[in-house]
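To start, the structure itself, in structure tokens.
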Amino acid sequence: MSTPEESILDRLRRSCREIAGTASFVRIDEERIPAYAASLPAEQLRHLQMDPACHLLGRGEATAAFFLTLGAVNFGSGTFAELGIPPLQSGYRRIASALKDAFEEGGALSAADLSAVDASSCLELFGLDPDQPAALELAARYSRSLNQLGDWLLGRFGGTFSAPMAAARGSAPHLVTLLAEIPSFRDATRYRNLEIPFLKRAQLAVTDLYIAFGGRGLGRFVDIDRLTICADNLVPHVLRLDGILEYREDLSRRIEAGDPLPEGSAEEVEIRACAVHAAELIVAELRRRDQAVNALRLDNLLWHRGQQPRYRLRPRHRTRTIFY
3 MSTPEESILD RLRRSCREIA GTASFVRIDE ERIPAYAASL PAEQLRHLQM
53 DPACHLLGRG EATAAFFLTL GAVNFGSGTF AELGIPPLQS GYRRIASALK
103 DAFEEGGALS AADLSAVDAS SCLELFGLDP DQPAALELAA RYSRSLNQLG
153 DWLLGRFGGT FSAPMAAARG SAPHLVTLLA EIPSFRDATR YRNLEIPFLK
203 RAQLAVTDLY IAFGGRGLGR FVDIDRLTIC ADNLVPHVLR LDGILEYRED
253 LSRRIEAGDP LPEGSAEEVE IRACAVHAAE LIVAELRRRD QAVNALRLDN
303 LLWHRGQQPR YRLRPRHRTR TIFY
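Using the working numbering, the first residue of the sequence shown is number 3, and each one after it goes up by one.
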């Protein structure tokens, strides 16, 4: 049971800890964590990475608009293979690069633009093939998510992209909670008697703002340590190949065969929840070793590690979802 004082991210941590203790399909190898934490490059944990080739940086309000807009379409990993994107190429980078090009060529998209965008516009904007059924489905989902972001900005914040950050008053969990008012950002599910508010895209949007602005200005969040890792299908995959997460044999076979896991299934929820809790254990071990680290920094390191061929060439779990 949650308490009135328990924040939504505290509830996420508690729920993931409980799931990790009783999971049927996924296990955390806690004995490996001390050595694993010691093996992580301290320099990479200190210096957060963000590729300027596919992200709009240094543009003030336009940068804020870019990352909130990107946050609205930062999903599709369960569909990218059906679009013919090779394993060594990143579907995320394609979407982010296309959005950056649109901002640089035509200026920042306004809240009114987002509110009115349709699936046909998304096909063109993101370079999706209208002859592919999966592309049509993804474009429709992108347009709905962008519409919801635009409507929220217009209705709550006068259409100003920086206003949600001002309303959050420097609190990362507060901005996450605000973003979770948008239906497409409301990434929460149930597992047995637990509610698990992963809020992956809301947390990632806050993370991106923090990194893009160097923790200052529109990216200043005094409690950034309260975020968890962003529970998608790449960070758990890295933790699995690195020996921290172990999957039951039948689950491993399904993933290796490319069989999709239904959204909200026990297998999918356990993968995400165990990744969150494993990251909490790794962060605790790093802090025990006097490293100034948080879940955001660990997530950044693991996500970029996951771009290496060793990780990209092995199948990771696929789920058709708007949440990652």
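Cβ coordinates follow ideal geometry from the N, Cα and C atoms, glycine included. Treat the numbers as computed from the prediction; the structure is a model and nothing was measured.
Beta-carbon proximity of residue i to residue j, cut-off 9 angstroms
{"i": "Ile231", "j": "Ala297", "result": "yes"}
{"i": "Ser17", "j": "Glu197", "result": "yes"}
{"i": "Leu206", "j": "Phe223", "result": "no"}
{"i": "Ile21", "j": "Glu272", "result": "yes"}
{"i": "Phe68", "j": "Arg203", "result": "no"}
{"i": "Leu116", "j": "Thr71", "result": "yes"}
{"i": "Pro262", "j": "Arg320", "result": "yes"}
{"i": "Tyr144", "j": "Ala214", "result": "no"}
{"i": "Ala113", "j": "His57", "result": "no"}
{"i": "Phe278", "j": "Ile10", "result": "The residue asked about is misnamed: residue 278 is Val in this sequence, not Phe. Not in contact: Val278 and Ile10 (Cβ atoms no closer than 9 angstroms)."}
{"i": "Pro89", "j": "Leu315", "result": "yes"}
{"i": "Gly93", "j": "Leu220", "result": "no"}
{"i": "Leu330", "j": "Leu140", "result": "Residue 330 falls outside the range modelled here, since the chain spans only 3 to 326, and no answer is possible."}
{"i": "Ala66", "j": "Ser173", "result": "no"}
{"i": "Arg250", "j": "Ser26", "result": "yes"}
{"i": "Ala100", "j": "Leu127", "result": "yes"}
{"i": "Leu247", "j": "Ser79", "result": "no"}
{"i": "Asn302", "j": "Thr209", "result": "yes"}
{"i": "Arg95", "j": "Asp31", "result": "no"}
For residue i, three-class secondary structure by DSSP
{"i": "Val28", "result": "strand"}
{"i": "Thr65", "result": "helix"}
{"i": "Arg322", "result": "coil"}
{"i": "Leu11", "result": "helix"}
{"i": "Arg192", "result": "strand"}
{"i": "Glu197", "result": "strand"}
{"i": "Val285", "result": "helix"}
{"i": "Leu155", "result": "helix"}
{"i": "Thr209", "result": "helix"}
{"i": "Met167", "result": "helix"}
{"i": "Ile231", "result": "coil"}
{"i": "His49", "result": "coil"}
{"i": "Pro88", "result": "coil"}
{"i": "Ile226", "result": "helix"}
{"i": "Leu111", "result": "coil"}
{"i": "Leu304", "result": "helix"}
{"i": "Pro317", "result": "coil"}
{"i": "Val75", "result": "coil"}
{"i": "Gln309", "result": "coil"}
{"i": "His57", "result": "coil"}
{"i": "Glu139", "result": "helix"}
{"i": "Gln82", "result": "The sequence shown places Phe at residue 82, not Gln. Residue state, collapsed to three classes: helix."}
{"i": "Leu220", "result": "helix"}
{"i": "Arg291", "result": "coil"}
{"i": "Pro185", "result": "helix"}
{"i": "Arg16", "result": "helix"}
{"i": "Asn296", "result": "coil"}
{"i": "Val178", "result": "helix"}
For residue i, the residue or residues it bridges with in DSSP
{"i": "Leu247", "result": "Ile30"}
{"i": "Ile21", "result": "Ile21 is not bridged to any residue."}
Rounded C-alpha distance that separates residue i from residue j
{"i": "Pro6", "j": "Ala268", "result": "The predicted model places Pro6 with a pLDDT of 42, which falls under 50 and marks its position as unreliable, so this point remains unresolved."}
{"i": "Pro317", "j": "Glu258", "result": "5 angstroms"}
{"i": "Cys124", "j": "Arg290", "result": "47 angstroms"}
{"i": "Arg19", "j": "Asp189", "result": "18 angstroms"}
{"i": "Ser41", "j": "Arg29", "result": "21 angstroms"}
{"i": "Leu13", "j": "Thr191", "result": "One point to set straight first is that residue 13 is Arg, not Leu, in the sequence displayed. If you take the alpha carbons of Arg13 and Thr191, they lie about 12 angstroms apart."}
{"i": "Lys102", "j": "Leu156", "result": "22 angstroms"}
{"i": "Asp133", "j": "Thr81", "result": "15 angstroms"}
{"i": "Ala83", "j": "Phe187", "result": "23 angstroms"}
{"i": "His306", "j": "Pro43", "result": "12 angstroms"}
{"i": "Met3", "j": "Asn195", "result": "Low confidence applies to Met3: its pLDDT is 45, below 50, so where it sits in the model is not reliable, and the reading given next is rough at best. Cα to Cα, Met3 sits roughly 9 angstroms from Asn195."}
{"i": "Leu138", "j": "Asn76", "result": "16 angstroms"}
{"i": "Leu288", "j": "Arg274", "result": "21 angstroms"}
{"i": "Ile184", "j": "Ala170", "result": "15 angstroms"}
Chain B contact for residue i (CB, 9 angstroms cutoff)
{"i": "Phe223", "result": "Going by chain labels, chain B is absent from the structure shown, which holds only one protein chain."}
List, from N- to C-terminal side, the alpha helix (DSSP H) runs of 4 residues or more that fit wholly inside the stretch 248-281. Secondary structure in the stretch 248-281: the alpha helix (DSSP H) runs of 4 residues or longer, each lying completely within the stretch, are 251-258 in chain order.
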